[in-house]
Amino acid sequence: MANAYKVRATCGSSSCTYVHPQDIIRAVNYESSYAMALMLNDIPSYMSCPSCGNDMHFYPYALVEEWGT
170 MANAYKVRAT CGSSSCTYVH PQDIIRAVNY ESSYAMALML NDIPSYMSCP
220 SCGNDMHFYP YALVEEWGT
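For reference, each letter of the sequence shown is one residue, going 170 to 238 in our numbering.
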């Protein structure tokens, strides 16, 4: 498995039962995934929750390969 840096989205409402994170964008490195998550969070109503219709919250996510296992 190679390193993977992504931007994920979850529902921003605390009362929503939608808990499945969605991979939105695959990035080159963690810094770019962090910057994309910040940018997407600044765009009002960019993506709505499929369950309740509230705005989605974006966050960076990294899968880092461990060597020697």
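Don't be surprised by glycine CBs; every beta carbon is placed ideally from N, CA and C. Being a predicted model, the structure only gives us computed values, none of them experimental.
Item: Given this structure, state the Cα-to-Cα distance separating L232 from V176, to the nearest angstrom.; Value: 11 Å
Item: For Y199, name the three-state secondary structure that DSSP assigns.; Value: helix
Item: How would you label M225, buried or exposed, when you count the other beta carbons within 10 angstroms and need 16 or more for buried?; Value: buried
Item: Going by the beta-carbon positions, is the gap between A173 and F227 smaller than 7 Å?; Value: no
Item: Report buried or exposed for S183, applying the criterion of at least 16 other Cβ atoms within 10 angstroms of its Cβ.; Value: exposed
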